[in-house]
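Asks: In numbering that gives the first Met the number 0, the protein residues as written are 0 to 453.
What follows is a structure written as structure tokens; I'll ask about it next.
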Amino acid sequence: MREYLLTLCITAAVTYLLTGPVRKFAIVAGAMPEIRARDVHREPTPRLGGIAMFFGLCAGLLVADHLTNLNEVFEKSNEPRALLSGAALIWLIGVLDDKFEIDALIKLGGQMIAAGVMVMQGLTILWLPIPGVGNVALTPWQGTLLTVALVVITINAVNFVDGLDGLASGMVCIAATAFFLYAYRIWYSYGIEAAAPATLFAAILMGMCLGFLPHNMHPARIFMGDSGSMLIGLVLAAGAISITGQVDPDALNLYAGSEKAAVHQTVPVYIPLLLPLTIIAVPAADLVLAIVRRTWRGQSPFAADRGHLHHRLLEIGHSHSRAVLIMYFWSALIAFGALAYSVNSASMWIVLGVVFLSAIGLVLLLLPRFTPRTPRWAEAFVPPRYRRRRAARAAEAPGAATPQTPAAGEEPECEEEPVGHRSPVTAGAPPVNGATAIGPRSRFLDRRTSGSSR
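Next comes the structure, spelled out in structure tokens:
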């Protein structure tokens, strides 16, 4: 465990330290696109954060190769080299897209080629444990097609959810944490060495996300771009492929006792089929809904819009930070709920706990629909926006000023900005986050009249 934690810390440190210089490089290179109608940020922000994340990945693999216990992963398996090859290719495609906005079909082809490169080097699904059937061996073509499909789906699911500051990196970090705990349990508790590569991939992925997250929290100073979102999606898929299609379920030696007891004991065998899906359940649901929504409107499935789940959270009244935390909550609930069920599938407390937390999550989703009524004695302890009665009394007072509609060409006056709101930066004004260091930007379009996530 100590060597995995050391690898995680080194990866996080390298990613964190390189993100600042990468941000300056992105500004100089002009990787700061104009504000689009579908964007939620208010000023041009540099991309290319995936450069720092890729070098963090390389640093993590390099450190692990020189550690005593983790060195065996590189000697007995070619999976780390396969991961690095596929990651380098998908990262290069992402960098080009962040700078030049390449076509979506070209990116899809690059994702398939990167998955094929990993398959050629041995990172593929060899068999599937199917409940009620047993261990089913796959032909090379079946394994290749299934591997490529899982990689492409995971990459695009993560890319689709990258629409708010800190959302993709935080959700993938939560998923990687749950996956690390599961893979480490298979490797350490059952002594299965084939689970070691997946455990290493999860630890490195956690480090990449944790190192980048401080720079990407709202308000973000840099975006990971496609170079980062596609990279962490590929690493997440590689870990799922490694432990699902490489670990032999028969090696767990769980088939003992009565038939009913055997069903409960073999749950860890089937969890690898479910865990890769549960950890990206929210991004995958967003991906499916986006494809259905766009095809229903007669648009291309790759045409971006403002109908993603995080956009809807903002539309119903959640703040930027609260929307991100709600997405974190649901991702953690699904991933760690599946993890807890794999440890003890017979416990009713786990099911009750998931149901209770789901109810809390639904209340949080509907929170903006409720009007808070703060007692008069508690108004001094809450933010000003919750002091409804005092504002109402001031409006009803004799001689109170009434708001007037501004004339054409005039800007409306506002005494106090809502919390979390940032006005657009105009030419000549000092930049809020230093993101407009290379010059002024043009006015962005009205988001309601144009549809095209970051």
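C-beta: ideal position from N, C-alpha, C; glycine also.
Given the structure is predicted, the values throughout are model-derived calculations rather than measurements.
In whole angstroms, what separates the C-alpha of Trp376 from that of Met207?
Replies: 47 Å
Asks: Okay, do the stretch 142–155 and the stretch 111–121 touch, 3+ Cβ pairs below 8 Å being the bar?
Replies: Counting Cβ pairs under 8 Å, three or more are found: they touch.
Asks: Identify, in the order they occur along the chain, each residue of the same chain with its Cβ nearer than 6 Å to the Cβ of Phe328, setting aside the five sequence neighbours on each side.
Replies: Gly360
Asks: Assign Asp501 to buried or exposed, taking buried as 16 or more other Cβ atoms, counted over all protein chains shown, within 10 Å of its Cβ.
Replies: A question about residue 501 goes unanswered here, because the residues of the chain that appear run from 0 up to 453.
Asks: Here's a check: name, in chain order, each residue in its chain whose Cβ is nearer than 6 Å to the Cβ of Leu363, leaving out the five neighbours to either side.
Replies: Excluding positions up to five away in sequence, the list reads Ile325.
Asks: Compute the Euclidean distance between the alpha carbons of Gly438 and Asn215, then round it to the nearest angstrom.
Replies: At Gly438, the pLDDT of 38 sits below 50, so the modelled position is not reliable; the number obtained from the coordinates is stated separately. Their Cα atoms are separated by approximately 22 Å.
Asks: Ser241: buried (16+ other C-beta within 10 angstroms of its C-beta) or exposed?
Replies: buried
Asks: Among Phe179, Ala28, Leu351, which residue has its Cα nearest to the Cα of Ala334?
Replies: Relative to Ala334, the option among Phe179, Ala28, Leu351 whose CA is nearest is Phe179.
Asks: Around the Cβ of Ala322, are there at least 16 other Cβ atoms within 10 angstroms (buried) or fewer (exposed)?
Replies: buried
Asks: Quick one: using the 10 Å Cβ neighbour count with 16 as the cut-off for buried, is Trp295 buried or exposed?
Replies: exposed
Asks: Since Val62 contacts Leu5 with CB under 8 Å, what's their CB separation in whole angstroms?
Replies: Correct: roughly 7 Å between the Cβ atoms.
Asks: Sort out for me which residues DSSP pairs Trp126 with in a bridge.
Replies: Ala136
Asks: To the nearest angstrom, report how far apart Ala201 and Lys106 are at their CA atoms.
Replies: 25 Å
Asks: Pull up the distance between the alpha-carbon of Arg490 and that of Phe159, whole angstroms please.
Replies: A query on residue 490 cannot be resolved here, the shown segment of the chain reaching from 0 to 453 and no further.
Asks: Apart from the five residues on each side of it in sequence, which residues of its chain come closer than 7 Å, Cβ to Cβ, to Leu209?
Replies: Ala11, Cys172
Asks: Between Ala197 and Gly238, how many whole angstroms is the CB-CB distance? I'm expecting something under 8 Å.
Replies: At roughly 4 Å, the Cβ-Cβ gap stays under 8 Å, so Ala197 and Gly238 are in contact.
Asks: If you compare alpha carbons, which of Ala194, Thr176, Asn155, Ile9 is closest to Ala339?
Replies: Looking at the Cα atoms, Thr176 is the closest of the given residues.
Asks: Ordered along the chain, which non-local residues of its own chain (more than five positions away) have a Cβ less than 8 Å from that of Tyr3?
Replies: Leu69, Phe179, Tyr183, Thr198, Leu199, Ala202
Asks: Who are the Cβ neighbours of Thr143 in its own chain at under 7 Å, not counting the five residues just before and after it?
Replies: Val118, Thr123
Asks: Suppose you measure from the CA of Pro139 to the CA of Leu91; what does that come to, to the nearest Å?
Replies: 28 Å
Asks: Between Ser226, Ser330, Ser341, which has its C-alpha nearest Gly93's C-alpha?
Replies: Ser226
Asks: Just to check, is the beta-carbon of Val116 closer than 7 Å to a non-hydrogen atom of the ligand PLP?
Replies: By its list of ligands, the structure shown contains no ligand whatsoever, and the ligand PLP lies outside what it can speak to.
Asks: Sorted by chain position, which residues of the same chain lie with C-beta nearer than 6 Å to Lys98's C-beta, five sequence neighbours on each side aside?
Replies: Short of 6 Å from the beta carbon of Lys98, and not among the five residues preceding or following it, lie these beta carbons of its own chain, in chain order: Ala30.
Asks: Do you know offhand how far Val431's Cα is from Pro218's?
Replies: Here the model assigns Val431 a pLDDT of 41, short of 50, so the residue's position is not dependable, and the following value carries that caveat. Cα to Cα, Val431 sits roughly 9 Å from Pro218.
Asks: So Ala195 and Trp186 are in contact, right, with Cβ under 8 Å, and what is the actual spacing, rounded?
Replies: 5 Å
Asks: Give the C-beta separation of Ile221 and Gly48 to the nearest angstrom, bearing in mind that I take them to be a contact with Cβ-Cβ under 8 Å.
Replies: 5 Å
Asks: Expressed to the nearest angstrom, what Euclidean distance is found between the alpha-carbon atoms of His420 and Cys57?
Replies: No answer about His420 holds up, because its pLDDT of 45 lies below 50 and its placement is not dependable.
Asks: For the alpha helix (DSSP H) that Trp457 lies in, which residues bound it at each end?
Replies: Coverage of the chain is limited to positions 0 through 453, which leaves residue 457 absent and any answer about it impossible.
Asks: Please work out which residues of its chain come closer than 6 Å, Cβ to Cβ, to Thr14, disregarding the five sequence neighbours upstream and downstream, and give them in chain order.
Replies: Result list for Thr14: Ala51, Met52, Gly55, Met207, Gly210, Phe211, in chain order.
Asks: In angstroms, rounded to a whole number, what distance separates the CA positions of Thr153 and Ala28?
Replies: 29 Å
Asks: How would you write the range of the alpha helix (DSSP H) that Ser76 sits in, first residue to last?
Replies: Careful: Ser76 lies outside any alpha helix (DSSP H) and carries neither H nor E.
Asks: So, is Leu537 buried or exposed, given that buried needs 16 or more other C-beta atoms within 10 angstroms?
Replies: Residue 537 lies beyond the range of the chain shown here (0 to 453); nothing can be said about it.
Asks: Whole angstroms are fine: how far does the CA of Ala379 sit from the CA of Leu95?
Replies: 53 Å
Asks: Cα separation between Ile191 and Ser318?
Replies: Those two C-alpha atoms are separated by around 45 Å.
Asks: To the nearest whole angstrom, what separates the beta carbons of Gly232 and Ala289, a pair I think is in contact under 8 Å?
Replies: Distance from Gly232 to Ala289 at the Cβ level is roughly 15 Å; contact not present, criterion being Cβ atoms closer than 8 Å.
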